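Numbering (this note's numbering), first residue to last: 512 to 749.
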């Protein structure tokens, strides 16, 4: 459907000799380090597509005139562009923050935030591009428009290296495996506590859910909903 510039193929290894390079049974643990980087690359691609879609929408609406006024100056279009800009800024900020955790070798936070961003940002990108495409109207739907390619390419980032369910369950797995994951995440809430009541309440709900996971109690919300709320709250805190 998309990524036509990157052909994919299925390769079958028949009778190939392989050598064990680690300890038997440790394969998943070894490959997770590679998978986490692959997931982060998906997050980078999704954030980049969201950004370039925003740029296309802004450029078009600045030069398109309707009823004697630029399209970008129309009140309804201003709201659309503001929403697109906010979503793009949140995605880019979180992506760069995760990159910093990799540089700082904060492996626990990097793994947790990468799973969250993989779930949320990669899922939001197709909708962001679709909204930008609407800003261009029919001009954005034709093959000559860049958005046509971006729209086809975007869904793959949510599929590569594990789809949404896998990412959401990995978040729960992290929180359950070691309290440090949850404690490190909640540290961000303390940095912004008291600045906004809605954000404070969001972090309180998340803390309750994390505590339930760590104690072995029933999860008070579905893993996908928890992943969504954790990501949006963390983006807002940044």
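Glycine included, every Cβ here is placed at the ideal spot set by N, Cα and C.
Please read these numbers as outputs of a predicted model, since none were measured by experiment.
Exercise for review: With DSSP as the reference, label residue 708 as helix, strand or coil.
Suggested key: As a position in the chain shown, residue 708 is number 197, starting the count at 1. Of the three classes helix, strand and coil, the one that applies to residue 708 here is helix, per DSSP.
Practice item. Determine, using beta carbons only, whether residue 661 and residue 632 come nearer to each other than 8 Å. Key: Indexing the chain shown from 1 puts residue 661 at position 150. Indexing the chain shown from 1 puts residue 632 at position 121. Not in contact: residue 661 and residue 632 (Cβ atoms no closer than 8 Å).
Check your understanding: If you draw a straight line from the alpha carbon of residue 654 to that of residue 551, how long is it in whole angstroms?
Key -> The residue you call residue 654 lines up with position 143 of the chain shown. The residue you call residue 551 lines up with position 40 of the chain shown. Roughly 29 Å between the two C-alpha positions.
Practice item. Quick one: residues in its chain with C-beta nearer than 7 Å to the C-beta of residue 739, no 5 flanking neighbours on either side, listed in chain order? Key: Looking up residue 739 in the chain shown gives position 228. Counting only Cβ-Cβ distances below 7 Å, and skipping sequence neighbours, we find 631.
Check your understanding: Between the beta-carbon of residue 554 and the beta-carbon of residue 628, is there less than 8 Å?
Key -> Along the chain shown, one-based indexing puts residue 554 at 43. Along the chain shown, one-based indexing puts residue 628 at 117. In this structure, residue 628 lies closer than 8 Å to residue 554 by Cβ.
Review point. Which residue comes first and which comes last in the alpha helix (DSSP H) that contains residue 732?
Key: Counting from 1 along the chain shown, the entry for residue 732 is found at position 221. Careful: residue 732 lies outside any alpha helix (DSSP H) and carries neither H nor E.
Practice item. Tell me whether residue 737 is buried or exposed, calling it buried when 16 or more other Cβ atoms sit within 10 Å of its Cβ. Key: If you number the chain shown from 1, residue 737 lands on position 226. With 16 or more Cβ atoms within 10 Å of its Cβ, residue 737 is classed as buried.
Check your understanding: Do residue 547 and residue 612 have their C-beta atoms within less than 8 Å of each other?
Key -> Reading the chain shown from its first residue, position 36 is the one you call residue 547. Reading the chain shown from its first residue, position 101 is the one you call residue 612. Contact: no.
Review point. Should residue 590 be listed as close to the ligand ADP, given that the test is whether its C-beta is under 7 Å from any heavy atom?
Key: With respect to small molecules bound, the structure shown includes none, and the ligand ADP cannot be examined in it.
Exercise for review: Select from 657, 618, 615, 675 the residue whose C-alpha is nearest the C-alpha of residue 635.
Suggested key: Reading the chain shown from its first residue, position 124 is the one you call residue 635. The option with the nearest alpha carbon to residue 635 is 675.
Exercise for review: Return helix, strand or coil for residue 653, following the three-state DSSP convention.
Suggested key: Along the chain shown, one-based indexing puts residue 653 at 142. Three-state DSSP puts residue 653 in coil, outside helix and strand.
Review point. Which residue's Cα is closest to the Cα of residue 533: 713, 571, 622, 542?
Key: Mapped onto the chain shown, residue 533 falls at position 22. For the residues 713, 571, 622, 542, the minimum Cα distance to residue 533 belongs to 542.
Check your understanding: Roughly how many whole angstroms lie between the Cα atoms of residue 607 and residue 725?
Key -> Position 96 of the chain shown, counting from 1, holds the residue named residue 607. Position 214 of the chain shown, counting from 1, holds the residue named residue 725. Using only the alpha carbons, I get a separation of about 28 Å.
Check your understanding: In the DSSP assignment, what are the bridge partners of residue 576?
Key -> For the purposes of this step, residue 576 is identified with residue 65 of the chain shown, where counting begins at 1. Bridge partners of residue 576: 581.
Practice item. Within its chain, find whatever has a CB closer than 6 Å to the CB of residue 582; leave out the 5 residues flanking it on each side and keep chain order. Key: Here residue 582 is taken as the residue at index 71 of the chain shown, counted from 1. Counting only Cβ-Cβ distances below 6 Å, and skipping sequence neighbours, we find 572, 575, 588.
Review point. If we call anything under 8 Å between Cβ atoms a contact, is residue 682 one with residue 730?
Key: If you number the chain shown from 1, residue 682 lands on position 171. If you number the chain shown from 1, residue 730 lands on position 219. No, the pair does not count as a contact, with Cβ atoms beyond the cut-off.
Review point. How about residue 741 and residue 692: do their beta carbons lie closer than 8 Å?
Key: By one-based count along the chain shown, residue 741 stands at place 230. By one-based count along the chain shown, residue 692 stands at place 181. No.
Check your understanding: What distance in whole Å lies between the Cβ atoms of residue 749 and residue 664, which are believed to be in contact at a cut-off of 8 Å?
Key -> In the chain shown, counting from the first residue as 1, residue 664 sits at position 153. In the chain shown, counting from the first residue as 1, residue 749 sits at position 238. The pair is not a contact, with the Cβ atoms about 26 Å apart (cut-off 8 Å).
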